[in-house]
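Q:
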Amino acid sequence: MTAQEFLGKKKYTIHNQTVSESCPSNIALIKYWGKYENQIPANPSISFTLNHCKTNTVMEFLANEPFSVQTFLAGNEEVKFAEKIEKYFRNIEQYLPWILQGKYIIKTENTFPHSSGIASSASGFGAIAKCLMNLDESFSGKTSEEESLRKASFLARLGSGSACRSLYNGLVVWGESQVKGSSDLFAVQYPNDEIHDIFKDFNDWVLLIHEGQKSVSSTVGHGLMNTNPYADRRFQEARENFEPMKEILAVGDMKSFIKLVEHEALTLHAMMMMSDPAFILMKTGTLEVINKVWNFREETGFPLFFTLDAGANVHLLFPNAGSEEKIKSFIESELLQHTQNNGVVKDVMRF
Ligand code: DP6
701 MTAQEFLGKK KYTIHNQTVS ESCPSNIALI KYWGKYENQI PANPSISFTL NHCKTNTVME
761 FLANEPFSVQ TFLAGNEEVK FAEKIEKYFR NIEQYLPWIL QGKYIIKTEN TFPHSSGIAS
821 SASGFGAIAK CLMNLDESFS GKTSEEESLR KASFLARLGS GSACRSLYNG LVVWGESQVK
881 GSSDLFAVQY PNDEIHDIFK DFNDWVLLIH EGQKSVSSTV GHGLMNTNPY ADRRFQEARE
941 NFEPMKEILA VGDMKSFIKL VEHEALTLHA MMMMSDPAFI LMKTGTLEVI NKVWNFREET
1001 GFPLFFTLDA GANVHLLFPN AGSEEKIKSF IESELLQHTQ NNGVVKDVMR F
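All residue numbers for the sequence shown refer to the working numbering, where the first residue is 701 and numbers rise by one.
(1) So, does the region 743-760 touch the region 712-728, judging by three or more C-beta pairs under 8 Å?
(2) Please say whether W874 and A887 have beta carbons closer to each other than 7 Å?
(3) Does any heavy atom of the ligand DP6 sit closer than 6 Å to the C-beta of T919?
(4) Using a Cβ-Cβ cut-off of 6 Å (strictly less than) and excluding sequence neighbours within five positions of S853, which residues of its own chain qualify?
(5) Excluding the 5 residues flanking V916 on each side, which residues of the same chain have their C-beta closer than 6 Å to its C-beta?
(6) Take the Cβ of M972 as the centre, count every other Cβ of all protein chains shown within 10 Å, and call the residue buried at 16 or more, exposed below.
(7) CB of S883 to nearest heavy atom of the ligand DP6: below 6 Å?
(8) Only counting the same chain, and skipping five residues up and downstream in sequence, which positions put a Cβ closer than 8 Å to that of S821?
(9) Out of S725, V951 and P929, which one is the CA nearest neighbour of I818?
(10) Need the endpoints of the beta strand (DSSP E) that E809 sits in, please.
(11) Of the residues T984, A931 and D1047, which one's Cα is nearest the Cα of W905?
(12) Thinking C-alpha only, which one of N1013, L960, A931 and L773 is nearest D976?
(13) Which residues mark the beginning and the end of the beta strand (DSSP E) in which V719 is found?
(14) Give the list of continuous alpha helix (DSSP H) stretches no shorter than 4 residues that lie fully inside the region 926-967.
(15) For the alpha helix (DSSP H) that contains H922, what are its first and last residues?
(16) Got a sec, what are the start and stop residues for the beta strand (DSSP E) K1052 sits in?
(17) Given K830, which residues of its chain have a CB within under 7 Å of its CB, disregarding the five upstream and five downstream residues?
(18) Compare the C-alpha of T967 against each of K731, T702 and V951 and name the closest.
(19) Do you know how far the Cα of A965 is from the Cα of L1036?
(20) Would Q650 be called buried (16 or more neighbouring beta carbons within 10 Å of its own) or exposed?
(21) Between which two residues does the beta strand (DSSP E) containing N903 stretch?
(22) Between the region 759-779 and the region 889-903, do at least 3 Cβ pairs fall closer than 8 Å?
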């Protein structure tokens, strides 16, 4: 979308305004890892949007004051975050021409523990982009819900790639792929009527294996793909994985779903291990959990499996399909012990 196409309308009148928005986090099943200039993904990705892990944001705009941004996270002033947002706002001025014409006070809080290592950039930039669209509509007139969401997704992407997927519920695709309407510029919802019911009632329990700062930021991580000799093959594989994924989702093929999702997670970590410099983000606990999950599945046949983001925490995925109580008690009795402080965030997919 060019700035002109994005704008559609040109006239705006700014005034003081406070808006508030909430946005959930998401967990990728086919991973985005590697990007080009202007936040264009090197391959398409698909994610589940979560329900409880959210960012709530209040944005106060003081019109005609010199441009500045002040941010508070859970009541504490965060100067580093404010610098990041300031840079982001300057970057999107071409799409929101009023954006540098005032002062911002942004108060934000996450519903998940701050130290958990759960990425807050997706929900955080999602909530900020929604706030910006609210302001934009208040200054230059309402647009349709559909257009407003698409623009919020476009803006969120420029803050953090994975954030663009958090604007929609259910399964969400970002990046040009076989999925109808998909784009590199914003995310789209995967068509609900092409998803088997088994995938519509899903749990994501995040085991907090290692709390605290990640050892590689996603910006650095994506950058490592520029020199990774396996990068092109990986991008191609991710694109190819959409073909079986579509079939799996349509027919409810849980076995193949599990295989594909775990393969994606391990590939992401394999890419990091083969980068220069190399990163091993899994901890002992991560490996213990993965092995126990595999043994459990082998012994019981119950559909418990995992995915990982760029860190040590394990996202345990399982459907509500009859065996969930047994799976939950297995997690409590066998897997929780591998977390740092008995830390687990119990979430579900948001449909
Ligand atoms: C491993 O969206 O955090 O979670 O665009 O640089 O902000 P930036 O990166 P980010 O990367 C997410 C990477 C991932 C996989 C995914 O969510 O698809």
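For glycine and all other residues, C-beta sits at the position ideal for the given N, C-alpha and C. The structure presented is a predicted model; accordingly, all values stated were derived computationally and were not measured.
A: In short, the structure shows the following:
(1) Contact between the region 743-760 and the region 712-728 is present: 3 or more CB-CB pairs across the two stretches fall below 8 Å.
(2) Result yes, Cβ atoms of A887 and W874 sit closer than 7 Å.
(3) Because some heavy atom of the ligand DP6 lies under 6 Å away, the Cβ of T919 counts as near it: yes.
(4) Correct list, in chain order: C864, L867, F886 and A887.
(5) Answer for V916: F979, listed in chain order.
(6) A residue is called buried when at least 16 other Cβ atoms come within 10 angstroms of its Cβ; M972 meets this threshold and is buried.
(7) No.
(8) Within the same chain, S821 has close Cβ partners G859, S860, S862, A863 and S918.
(9) Its Cα nearest to that of I818, the residue S725 stands out among S725, V951 and P929.
(10) Element bounds for E809: G802 to N810.
(11) Per the Cα distances, D1047.
(12) It is A931 whose Cα lies nearest to the Cα of D976.
(13) Where V719 is concerned, the enclosing beta strand (DSSP E) stretches over Q717 to I730.
(14) The region 926-967 contains, as complete alpha helix (DSSP H) runs of 4+ residues, the segments 931-951 (chain order).
(15) Annotation: the continuous alpha helix (DSSP H) that includes H922 extends over S918 to L924.
(16) Look at the range of the chain in this structure, 701 to 1051, and you will see that residue 1052 is not part of it.
(17) Here the set comprises E721, C723 and A852.
(18) Its Cα nearest to that of T967, the residue K731 stands out among K731, T702 and V951.
(19) For L1036 and A965, the distance between alpha carbons rounds to 20 Å.
(20) No information on residue 650 is available, as it lies outside the stretch 701 to 1051 that the chain covers here.
(21) Element bounds for N903: F902 to L907.
(22) The region 759-779, when compared against the region 889-903, does not touch it at the 8 Å Cβ threshold.
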